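Participant: Please see the structure below; I have some questions.
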Amino acid sequence: MKLISCPECENQILERMGTICPKCGHTVGYFNESEKRPKYGKFFALSVFLPFLSFLIIIISSINKISFIFGVIFFLYVAYKSCPYLHKELFITKFEGIFFWGVWILVNSLLLSMIYNVLNKLALV
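Be aware that the sequence shown starts at 1, since it is given in the UniProt record's numbering, and climbs by one per residue.
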């Protein structure tokens, strides 16, 4: 097991999450690194809120062909930026990686099927 120094008293403790320092009582938490938490929050927002915004933009822009093309371009940009492969250094556990890949695949496949149906409706395919 890897040892780290306690941020409060500099005592050597295990790196595992949930380890309590016997000297001062500090608990090793999920986000002990201060720079990782904002990046994780940004990635979570990219994964959850922007696909919903893409969904709304595609529905609203399906009125005509030109606005629909801009909606599809926005979807492709959001799908690229929210890809878990670009943010793989943020995942602490393997479960997180599998979870975010599953969410990304599910959301983007549903949006792609909606785009395909709108393309058929607008007679672009």
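Glycine is no exception: its CB is placed at the ideal position from the N, C-alpha and C atoms. This one's a predicted model, so the numbers in the text were calculated from it and none came from an experiment.
Checking 8 Å against the spacing of the C-beta atoms, do G71 and I58 come in under that value?
Facilitator: Residue 71 sits at position 71 when you count from the first residue of the sequence shown. Residue 58 sits at position 58 when you count from the first residue of the sequence shown. In this structure, I58 lies closer than 8 Å to G71 by Cβ.
Participant: I need the DSSP call for S61, collapsed to helix, strand or coil.
Facilitator: As a position in the sequence shown, residue 61 is number 61, starting the count at 1. Correct three-state label for S61: helix.
Participant: Excluding sequence positions up to five away, which residues of its chain have a Cβ less than 8 Å from the Cβ of E8?
Facilitator: The residue labelled residue 8 in the question sits at position 8 within the sequence shown. Once the five neighbours on either side are set aside, the close Cβ partners of E8 are C21, C24 and H26.
Participant: Report the option in K88, L110 and L122 whose CA atom is closest to the CA atom of W101.
Facilitator: Working through the sequence shown from its first residue, we reach residue 101 at position 101. Cα-wise, what sits closest to W101 is K88.
Participant: Can you give the beta carbon distance from L50 to V78, rounded, assuming they're within the 8 Å contact cut?
Facilitator: Locating residue 50 in the sequence shown gives position 50, where the first residue counts as 1. Locating residue 78 in the sequence shown gives position 78, where the first residue counts as 1. So it is a contact: roughly 5 Å between Cβ atoms.
Participant: So what does S5 bridge to, in DSSP terms?
Facilitator: Residue numbering aside, residue 5 sits at position 5 when the sequence shown is read from its first letter. The partner list for S5 (beta bridge, DSSP) reads Q12.
Participant: With DSSP run on the structure shown, which of helix, strand or coil describes I92?
Facilitator: Along the sequence shown, read from residue 1 onward, the residue named residue 92 stands at position 92. Note: I92 maps to coil in three-state DSSP.
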